[in-house]
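Asks:
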Ligand SMILES: [Zn+2]
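In this note's numbering, the protein residues as written are 1244 to 1422.
(1) Could you tell me which whole alpha helix (DSSP H) segments of length 4 or greater appear in the stretch 1370-1420?
(2) Is residue 1280 close to ligand 1? I mean its beta-carbon at under 7 Å from any heavy atom of the ligand.
(3) Do residue 1318 and residue 1278 count as a contact pair if the criterion is CB distance below 8 Å?
(4) Within the continuous alpha helix (DSSP H) that includes residue 1325, where are the two ends?
(5) Suppose contacts are defined by Cβ-Cβ distances below 8 Å. Is residue 1408 in contact with residue 1256 by that definition?
(6) Pop quiz: residue 1251 and residue 1386 are said to be a contact at Cβ under 8 Å. What is the actual Cβ separation, rounded to whole angstroms?
(7) What first and last residue would you give for the alpha helix (DSSP H) that runs through residue 1361?
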C-alpha cells in the first residue's frame, strides 16, 4: 500500500499566536495567513493534521469542552483535516488528566494514531513546530522536522535540537514544500 503524505502542525506559535495558556475560544488568535497555507498544503497533496499538547486541561486552566470548541473553530476557519490533542500532564491537578501518557509530545502517540487512521507514510511527511518537543517527536516518528521562528523563537528552545529545516513562519514553509 502506498501511504499518504501529511503535514503535522503544532497549534500555538504555528497556527495561532503564542499566548501561554489560551483558556477560551475567543482568546485564540489564528494567524491571518493560515487558511491560505492550509489550502496550499492540501493542494500539494498533503493532509493537514494538528498535533497539540494542551496540558492546561490537566493543570485546571482550560476546560476540555472549551478546548473542543477551540478545535472546532480552528477546523472551520482553517480547513485542517484533523486535530489531535493531549490534555494530560503528570503533575497536573485535575485527577482525570494528571497522569503520564504516550501522547504528550515529545512522545509520538498523536502521530502514531494519525498514521494508523489515515494510512500515512512518515517518510513523506513533515512535522512543523516552534518548540523542542515538536522536533524531538518528529525525529522519533521518522518524519522530517521543520522549526518555525513564529512562536517562542529559536533562541528560547527548551533544549538544543537539530531540525531538518528552519523557516520564519508557516507561509515560508509552505512556499518551499515540495509537491
Ligand atoms: Zn496525553
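Note that CB positions come from ideal geometry on N, CA and C, so glycine has one too.
Replies: Looking at the atomic coordinates:
(1) With a minimum length of 4 residues, the continuous alpha helix (DSSP H) runs that stay inside the stretch 1370-1420 are 1375-1383, 1413-1418.
(2) It does not: the Cβ of residue 1280 is nowhere closer than 7 Å to a heavy atom of ligand 1.
(3) Not closer than 8 Å, so no.
(4) In the DSSP annotation of this structure, residue 1325 is not part of any alpha helix (DSSP H); the continuous beta strand (DSSP E) holding it starts and ends at 1325-1329.
(5) Going by C-beta atoms, residue 1408 is not nearer than 8 Å to residue 1256.
(6) About 7 Å separates the two Cβ atoms, so the contact holds.
(7) Counted as a single uninterrupted DSSP element, the alpha helix (DSSP H) harbouring residue 1361 occupies residues 1352-1361.
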